[in-house]
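Enquirer: Using this note's numbering, read the sequence shown as starting at 225 and increasing by one per residue. For every residue, glycine included, the Cβ atom is placed at its ideal position computed from N, Cα and C.
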Amino acid sequence: MLKPNKLANKNFLSSLDMSTEEVLHVLELARSFKNKDLNLKLDSKVLGLIFDKSSTRTRVSFQVAMSKLGGTTIDLNPTTSQIGRGEPIKDTARVLSRYCDVIAIRTFDHSDLEEYAKWSTKPVINALTDLEHPCQALADFLTIHEEFLDFKDVILTFIGDGNNVANSLILCGALLGVNVTIACPKGYEPNSLVIKKAYEIYKNKALLKITNDPISAVQGANVLYTDVWSSMGEENQKEEKDKDFLGFTIDNDLVRNAAKDAIILHCLPAYRAKEITDEVFESNRSRIFEQAENRMHAQQALLSCLLS
Ligand code: CP
Ligand code: NVA
């Protein structure tokens, strides 16, 4: 029977905290958990959740994944704990490491997450920062593998903001050797360091493309992926971004330019008539809710590796 292997890195702060072999192992474990081939009980482990931003999927999928593993979760609300009062991260991290076995954190600055990881003696998981959303990418590639059974011939096109979700897709895509195209308006390209690191990983550099033309980007694509134009923390840029992203909506016209077998992904929550039309969102090409379900299976696999 498949068993979770310990990961080389203590933390999962970035998609790059795993090797290619480790990502493939986590995805295989996730499939086994999903198919109920694997029923693993860890010994009463405790996951602490610190969420400085709202969340439905990440929070609940972590809670359920942990309970499926026989553990429990403590939801540390920053406003009712001393975190919101400004207790230094290095103090909070050292205290929580003495109570919890693993901590998942959603926050703004990636450097705050790194500060938690620096002081925590227990594994720290990135539950989304402004820079990356690596747990999302695991579920995304699990969903893509479910559909195409391999990554070899898959062309993944992300249409939208070069944000946290795009950054992690690029990095995880690079580890898996997936053909990834990002189409975004000028000025909204993914993080330049992320792009640089991805090019260092790709054996075939032609597999990663960044373009400002959504129509050419979707030619031949098997996966069309989008995310909100204004992320959490960017609420005051909404009006400007809505204008800048005109032409970047995944609608039927755009889908017609993709491969015949193309599926639609969205990490959710979605704004219909902005980054995606209701018709495409609800179409039979959509795997959006399979993708949301896969958050739970992927994180169950991740937790089992970090805690073994
Ligand atoms: N996709 C995602 O992370 O959703 P939540 O913000 O609801 O956690
Ligand atoms: N890019 C979005 C993802 C939400 C899951 C945000 O950061 O708000």
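1. When the Cα atoms are used, what is the spatial distance from residue 237 to residue 374?
2. Which residue spans inside the segment 317-348 form an unbroken alpha helix (DSSP H) run of at least 4?
3. What are the boundary residues of the alpha helix (DSSP H) that residue 394 is part of?
4. Could you round the C-beta distance between residue 255 and residue 363 to whole angstroms and report it? I think they count as a contact, below 8 Å.
5. State the start and end residues of the unbroken beta strand (DSSP E) segment that holds residue 449.
6. Check residue 507 in the structure and name its three-state DSSP category.
7. Does DSSP put residue 583 in a helix, in a strand, or in coil?
8. How is the alpha helix (DSSP H) around residue 403 delimited, first residue to last?
9. State yes or no: is the C-beta of residue 511 within less than 8 Å of the C-beta of residue 474?
10. Which residue's Cα is closest to the Cα of residue 386: 451, 528, 345, 291?
11. If I follow the unbroken beta strand (DSSP E) through residue 378, where does it start and stop?
12. Measure how close the beta-carbons of residue 392 and residue 357 come, nearest whole angstrom, since I'm counting them as under 8 Å.
13. Answer with buried or exposed for residue 269, where buried requires no fewer than 16 other C-beta atoms within 10 angstroms of its C-beta.
14. Taking 8 Å as the limit between beta carbons, can you name the residues of its chain near residue 438, skipping five residues before and five after?
15. Beta-carbon within less than 6 Å of residue 399's beta-carbon, same chain only, minus the 5 sequence neighbours each way: which residues are those?
16. Would you identify the three-state DSSP class for residue 470, choosing helix, strand or coil?
17. Specify, as a first and last residue, the run of the beta strand (DSSP E) that residue 432 falls within.
18. Does the segment 366-380 come into contact with the segment 335-353, if we say contact requires no fewer than three beta-carbon pairs (one atom in each stretch) closer than 8 Å?
19. Can you tell me whether DSSP reads residue 521 as helix, strand or coil?
20. Which term fits residue 502, buried or exposed, when burial requires 16 or more other beta carbons within 10 angstroms of its beta carbon?
21. Does the Cβ of residue 513 have 16 or more other Cβ atoms within 10 Å, making it buried, or fewer, making it exposed?
22. Determine the extent of the alpha helix (DSSP H) in which residue 478 is found, giving its start and end residues.
23. So, helix, strand or coil for residue 460, using DSSP?
24. In chain order, what residues of the same chain lie with their CB nearer than 7 Å to the CB of residue 295, ignoring the 5 residues before and after it?
25. Does the ligand CP have a heavy atom nearer than 7 Å to the CB of residue 511?
26. Does DSSP put residue 263 in a helix, in a strand, or in coil?
27. Closest by CA to residue 365, which one among 394, 497, 278, 496?
28. Once DSSP output is grouped into helix, strand and coil, what is the label at residue 307?
29. Taking only three categories from DSSP, how would you classify residue 485?
30. Just the Cα atoms here: how many angstroms apart are residue 319 and residue 346?
31. With DSSP as the reference, identify every bridge partner of residue 496, one or two as the case may be.
32. Using beta-carbon positions only, say whether residue 359 and residue 282 come within less than 8 Å of one another.
Expert: Judging by the given coordinates:
1. Here residue 237 refers to the residue found at position 13 of the sequence shown. Here residue 374 refers to the residue found at position 150 of the sequence shown. When rounded, the distance between both Cα atoms is 26 Å.
2. 334-343
3. Locating residue 394 in the sequence shown gives position 170, counting from the first residue. Note, residue 394: alpha helix (DSSP H), 388-400.
4. Sequence index remark: in the sequence shown, residue 255 carries index 31 (1-based). Sequence index remark: in the sequence shown, residue 363 carries index 139 (1-based). The Cβ separation is near 12 Å, so there is no contact.
5. Numbered from its first residue, the sequence shown carries residue 449 at position 225. Start and end: 447-450.
6. One-based indexing of the sequence shown puts residue 507 at position 283. Note: residue 507 maps to coil in three-state DSSP.
7. There is no way to answer for residue 583, as the model of the chain reaches only from 225 to 532.
8. Stepping through the sequence shown from its first residue, residue 403 is reached at position 179. Unbroken run through residue 403 is the beta strand (DSSP E), 403-407; no alpha helix (DSSP H).
9. As a first step, residue 511 is located in the sequence shown; it is residue number 287 there, counting from the start. As a first step, residue 474 is located in the sequence shown; it is residue number 250 there, counting from the start. Taking 8 Å as the Cβ cut-off, residue 511 and residue 474 do not qualify as a contacting pair.
10. Translated into positions along the sequence shown, residue 386 becomes position 162. Nearest of 451, 528, 345, 291 to residue 386, Cα basis: 451.
11. In the sequence shown, counting from the first residue as 1, residue 378 sits at position 154. Where residue 378 is concerned, there is no enclosing beta strand (DSSP E), given that its DSSP letter is neither H nor E.
12. Locating residue 392 in the sequence shown gives position 168, where the first residue counts as 1. Locating residue 357 in the sequence shown gives position 133, where the first residue counts as 1. The Cβ separation is near 5 Å, so the contact holds.
13. Along the sequence shown, one-based indexing puts residue 269 at 45. The residue in question, residue 269, is buried, as its Cβ has 16 or more Cβ neighbours within 10 Å.
14. Indexing the sequence shown from 1 puts residue 438 at position 214. Closer than 8 Å at the Cβ level, and outside the excluded window around residue 438, lie 383, 407, 471, 472, 478.
15. In the sequence shown, residue 399 corresponds to position 175, counting from 1. The answer, listed in chain order, is 244, 247.
16. What you label residue 470 is simply residue 246 of the sequence shown in a count that begins at 1. Residue state, collapsed to three classes: coil.
17. For this step, residue 432 is matched to residue 208 along the sequence shown. 432-435 is the extent of the beta strand (DSSP E) around residue 432.
18. no
19. The sequence position of residue 521 within the sequence shown is 297, counting from 1. Helix, per DSSP.
20. For the purposes of this step, residue 502 is identified with residue 278 of the sequence shown, where counting begins at 1. Exposed, by the Cβ-count rule.
21. Looking up residue 513 in the sequence shown gives position 289. Exposed: under 16 other Cβ atoms inside 10 Å.
22. For this step, residue 478 is matched to residue 254 along the sequence shown. Element bounds for residue 478: 476-480.
23. Position 236 of the sequence shown, counting from 1, holds the residue named residue 460. Looking at residue 460 - three-state DSSP - the assignment turns out to be helix.
24. Locating residue 295 in the sequence shown gives position 71, where the first residue counts as 1. Closer than 7 Å at Cβ, skipping near neighbours: 266, 268, 269, 270, 271.
25. Taking the first residue of the sequence shown as position 1, residue 511 is located at position 287. Residue 511: no, Cβ never under 7 Å from the ligand CP.
26. Within the sequence shown, the letter at position 39 stands for residue 263. Here residue 263 sits in coil by DSSP.
27. Working through the sequence shown from its first residue, we reach residue 365 at position 141. Taking only the C-alpha atoms, the option nearest residue 365 is 394.
28. Looking up residue 307 in the sequence shown gives position 83. Reduced to three states, the DSSP call for residue 307 is coil.
29. Looking up residue 485 in the sequence shown gives position 261. Coil, per DSSP.
30. Numbered from 1 along the sequence shown, position 95 holds the residue referred to as residue 319. Numbered from 1 along the sequence shown, position 122 holds the residue referred to as residue 346. Taking the straight line joining both Cα atoms gives about 11 Å.
31. Locating residue 496 in the sequence shown gives position 272, where the first residue counts as 1. In the DSSP output, where bridge partners are listed per residue, residue 496 has 500.
32. Position 135 of the sequence shown holds residue 359. Position 58 of the sequence shown holds residue 282. In contact: residue 359 and residue 282 (Cβ atoms closer than 8 Å).
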